[in-house]
Structures are given as C-alpha cells and as structure tokens.
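Here the sequence shown is numbered in this note's numbering, starting from 546 and rising by one per residue.
Virtual Cβ for every residue (Gly too), placed ideally from N, Cα, C.
Note that this is a predicted model, so its numbers are computed, not measured.
Reading through the structure tokens given below for one structure.
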Amino acid sequence: MAVYYNDADPAACEWLRELIAARLLPAGEVDERSILEVEPADLRGFVQCHFFAGIGGWPYALRLAGVAEDRSIWTGSPPCQPFSQAGQRKGQDDDRHLAPAFLRLV
Numbered sequence: 546m547a548v549y550y551n552d553a554d555p556a557a558c559e560w561l562r563e564l565i566a567a568r569l570l571p572a573g574e575v576d577e578r579s580i581l582e583v584e585p586a587d588l589r590g591f592v593q594c595h596f597f598a599g600i601g602g603w604p605y606a607l608r609l610a611g612v613a614e615d616r617s618i619w620t621g622s623p624p625c626q627p628f629s630q631a632g633q634r635k636g637q638d639d640d641r642h643l644a645p646a647f648l649r650l651v
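Encoded structure:
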C-alpha cells in the first residue's frame, strides 16, 4: 500500500518519518514541498493522501478507528489562520490560505 504524507514543516516531516519507522503510522512517502508545488500527477499510485499532515493525526485516528489501510482516503487540514481572529482574518488575501491548493488536487 502506498501512503503519501505532505507537510511543508521540516520538523513535522521528520516526526512523521519517526512515527512511520516506529510503525505507528502506515508506511509511506513524506513530501516536504509546499502544497502549491504538488501536482495531481505526483499523487498517482497512492492509496491514501494526507495533506497538511502535521504529526500524522488523521492516519493515526484512522488506524485507531479500525479503517483498513488499503482503503482510498484523502485527508487535509489546511491552515485556519486566514480566517481566525488570531490570524487577523485576512481571508483569501492571506498567503496561508491554502485550501484552494488542496481542492485543486482533489
């Protein structure tokens, strides 16, 4: 089974690799590129794709819930700062508004 993890934070990606090595997350490829650089063709062959993967919360929750690891699933938790008060609510004018990049891949 092929699992794709994407996060632009190098520290989060290193943590993902450690969790994969410890077999706490399904084996897969960790991509440190910005989601803005990911193309649909890059995702061919992956059964699961986890965007804004952080430290693997979604794949870990799926495992705990007993979801089969060969089930086709895409997850994404785009940054909320563009719409939060703490993020100054810049909305679509915020460089961190990455939901459209995620939707482009779906």
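Please state the DSSP three-state secondary structure of residue i.
| i | result |
| --- | --- |
| residue 647 | helix |
| residue 621 | strand |
| residue 574 | strand |
Shortest alpha-carbon distance to residue i belongs to which of the options?
| i | options | result |
| --- | --- | --- |
| residue 565 | 550, 619, 584 and 650 | 550 |
| residue 579 | 588, 554 and 594 | 554 |
| residue 571 | 547, 552 and 558 | 547 |
| residue 595 | 618, 613 and 611 | 618 |
| residue 599 | 559, 646 and 581 | 559 |
| residue 597 | 615, 576 and 590 | 576 |
| residue 490 | 622, 621 and 592 | Examination of residue 490 is not possible in this model, given that the chain is present from 546 through 651 alone. |
| residue 567 | 585, 605 and 616 | 605 |
| residue 614 | 569, 645, 586 and 648 | 569 |
| residue 574 | 556, 552 and 582 | 552 |
| residue 645 | 563, 556 and 581 | 581 |
| residue 590 | 616, 601, 563 and 609 | 616 |
| residue 648 | 562, 583 and 601 | 583 |
What residues in its chain sit with their C-beta under 8 Å from that of residue i, if we drop five residues either side in the sequence?
| i | result |
| --- | --- |
| residue 629 | Here residue 629 scores only 44 on pLDDT, less than 50, and its place in the model should not be relied on; the value that follows carries that caveat. Answer for residue 629: no residue qualifies. |
Assuming residue i and residue j are in contact, meaning their beta carbons sit under 8 Å apart, how far apart are those beta carbons, in whole angstroms?
| i | j | result |
| --- | --- | --- |
| residue 650 | residue 607 | 19 Å between Cβ atoms; not a contact. |
Spatial neighbours of residue i within its chain, please: CB distance less than 6 Å, with the 5 preceding and 5 following residues excluded, ordered by chain position.
| i | result |
| --- | --- |
| residue 603 | 595 and 620 |
| residue 601 | 561, 564 and 570 |
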